[in-house]
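When we follow the UniProt record's numbering, the leftmost residue of the sequence shown carries the number 1, and every step to the right adds one. Note that CB positions come from ideal geometry on N, CA and C, so glycine has one too. Treat the numbers as computed from the prediction; the structure is a model and nothing was measured. Here the structure is laid out as structure tokens; the discussion comes afterwards.
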Amino acid sequence: MACQSTNGRKSTVMPLLSAASQPPSTPENDSPLQNSTLLDFIKSVIVKKQENKEPFYVLDLGVVASLMNRWTRNLPNVRPFYAVKCNPDASLLSAMAAHGSNFDCASRAEIEAVLSLGVSPTCVIFANPCKPVPHIKYAAEVGVNLTTFDSEFEVLKIRKHHPNCELLIRIKAPDDGCFLPLGGARRADAYRTAIEAARKVFDTAAHIGLPKMRLLNLGGGFTSGGQLFEAAAETIKAAVTEYFGAEPGLTVMAEPGRFFAESVFTLATNIIGKRVRGEVREYWINDGIFGSMNFLLFEYVPLKPTAFACTSRPENLMCCGQRTYGSTVFGPTCDACDVVFTDHQLPDLQLSDWLIFPNMGSYTRALASNFNGFNTGSSLTYLTYSNPS
């Protein structure tokens, strides 16, 4: 809970408020695919893919820039360390690096991916409280000298294999606003409670005579939908001022993942099968629960796809004014669990039409498997740059 030496020299130990992987949120006040520039780009890609109807992603670099500006505007004194585990897409990592982001890595592979972009190792935190020894040795070799722990056994392991590493101690803060039993906060006041808990750790360290702590890590759990982020930012700034306003030289950081990744990716899937049961329509698409939508296995998230009737109705691509039917959409595998959604209103679509899913960047392809031989993790990503409002 306080400063600790791993090699006989001082090594600062700092609180880390718990962060964890979360599935996509449901952005408030968001309707699917409002951006006409993005729509036009997706249509152009589909036209070029007439013979190859594999699923694909579109990464909107304009939204990445907008989100970074939004973070800086609302939390100017909090250094963002993008959580690579949320979405390790190389183009997204490159864009984040270009905008000056730091990085939260949980393994050697993630560190390698970030450093290959020319990112300084001083801009990387090895944020895994239980690390394999070879990964620790690699971090020492390349100069990643900041990591996390939450047990004495991890400290001993780090002392042996990376004695110059600085340490952040993870603390479990009260969080009644959590929507899963994880550390990410869903309500703004949860951050205040966590920052107050961190203050107690700082005070305890000072009371028992340990060297001064100098870094506060807020963890993750940030969302970009609606005004949740702005509310959280106001709470964080007020709480840091209240509990750490007299703390000279304090650095405050956070580990946002979903905030930057979720809304910047759109997934395009092709309809590969259809069945009609009276007034009900059933469709099969070439991505699903064992691919990009794996998060649906452990958390219900209402998806909002847009239909592109490229084959059946090219003169009315988005089926404006068309009757809709209660529809079920399945993924491509043979597993009975591969159900994307049920009883969703869609127009009458045909084979080779498309369903387009917005907000598909957070814990989607990163969790995909190649079950039944469908390797959606290798889907292509196309880049565009819109001008979001």
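{"Check": "Assigned secondary structure, F265 (DSSP; H/G/I helix, E/B strand, else coil)", "Outcome": "strand"}
{"Check": "A307 and P358 closer than 8 Å at C-beta", "Outcome": "no"}
{"Check": "Start and end residues, alpha helix (DSSP H) containing F41", "Outcome": "36–48"}
{"Check": "Residue 390 burial status per 10 Å Cβ neighbour count (16 or more: buried)", "Outcome": "The requested residue 390 does not occur in the structure, where the chain is confined to residues 1 to 389."}
{"Check": "Residue-level contact to chain D via CB, I46, 8 Å cutoff", "Outcome": "Within the model displayed, chain D is absent; a lone protein chain is all it includes."}
{"Check": "Same chain, Cβ closer than 7 Å to L117, neighbours up to 5 away in sequence not counted", "Outcome": "L93, S94, A97"}
{"Check": "Segment contact, 8 Å Cβ cut-off, at least three pairs: the stretch 194–207 with the stretch 223–234", "Outcome": "no"}
{"Check": "At least three beta-carbon pairs within less than 8 Å, the stretch 65–73 to the stretch 257–269", "Outcome": "yes"}
{"Check": "Pair within 8 Å by beta-carbon distance, C86 and S362", "Outcome": "yes"}
{"Check": "Within 8 Å, strictly: CB atoms of L146 and L168", "Outcome": "yes"}
{"Check": "Segments assigned beta strand (DSSP E), at least 3 residues, entirely inside the UniProt domain \"Orn/DAP/Arg decarboxylase 2 N-terminal\" (186–261)", "Outcome": "215–217, 251–254"}
{"Check": "Euclidean distance between Cα positions of S352 and V63", "Outcome": "29 Å"}
{"Check": "Assigned exposure category for C165 - 16 Cβ within 10 Å defines buried", "Outcome": "buried"}
{"Check": "Candidates I289, P302, V78: closest to D335 by CA position", "Outcome": "I289"}
{"Check": "Close Cβ partners of F41 (< 6 Å) along its chain, the five nearest in sequence each way excluded", "Outcome": "T384"}
{"Check": "Whether I271 touches L355 by CB criterion (8 Å)", "Outcome": "yes"}
{"Check": "Simplified DSSP state of N286, which is helix, strand or coil", "Outcome": "coil"}
{"Check": "CA-to-CA distance, L267 to M360, given in whole angstroms", "Outcome": "6 Å"}
{"Check": "At least three beta-carbon pairs within less than 8 Å, the stretch 306–326 to the stretch 367–374", "Outcome": "no"}
{"Check": "Residue range of the unbroken alpha helix (DSSP H) whose run includes E141", "Outcome": "133–142"}
{"Check": "Sequence-distant residues of the same chain with beta carbon closer than 6 Å to N128, five excluded per side", "Outcome": "A106"}
{"Check": "Boundaries of the alpha helix (DSSP H) in which G326 is found, first to last residue", "Outcome": "No alpha helix (DSSP H) holds G326; the beta strand (DSSP E) holding it covers 324–330."}
{"Check": "Strand pairing of Q345, partner residues [DSSP]", "Outcome": "G326"}
{"Check": "Start-end ranges of the beta strand (DSSP E) lying completely within the UniProt domain \"Orn/DAP/Arg decarboxylase 2 N-terminal\" (64–175), minimum 3 residues", "Outcome": "78–83, 102–105, 124–126, 146–149, 166–171"}
{"Check": "Cβ-based neighbour list, V45, same chain, cut-off 6 Å, excluding 5 preceding and 5 following", "Outcome": "Y382"}
{"Check": "Beta carbon of T201 nearer than 8 Å to that of I171", "Outcome": "The amino acid occupying residue 201 in the given sequence is Val; Thr does not appear at that position. For V201 and I171, yes; Cβs fall inside 8 Å."}
{"Check": "Which of helix, strand or coil DSSP assigns to N270", "Outcome": "strand"}
{"Check": "Length of the line joining the Cα atoms of F149 and R313", "Outcome": "56 Å"}
{"Check": "Backbone CA spacing between T333 and E110 [nearest angstrom]", "Outcome": "29 Å"}
{"Check": "Nonlocal neighbours in the same chain, by C-beta distance under 8 Å from V311, ignoring five residues either side", "Outcome": "Note that residue 311 corresponds to Thr in the displayed sequence, not to Val. Here the set comprises Q350, L351, S352, D353."}
{"Check": "Buried versus exposed call for V277 [16 or more other C-beta atoms within 10 Å across all chains shown]", "Outcome": "Correcting the residue type first, residue 277 is Arg in the shown sequence and not Val. Exposed, since its Cβ has fewer than 16 Cβ neighbours within 10 Å."}
{"Check": "R365 in three-state terms, based on DSSP", "Outcome": "helix"}
{"Check": "Whole-Å CB distance - L215 paired with T251, under 8 Å assumed", "Outcome": "5 Å"}
{"Check": "Per-residue DSSP class, three states only, for T381", "Outcome": "strand"}
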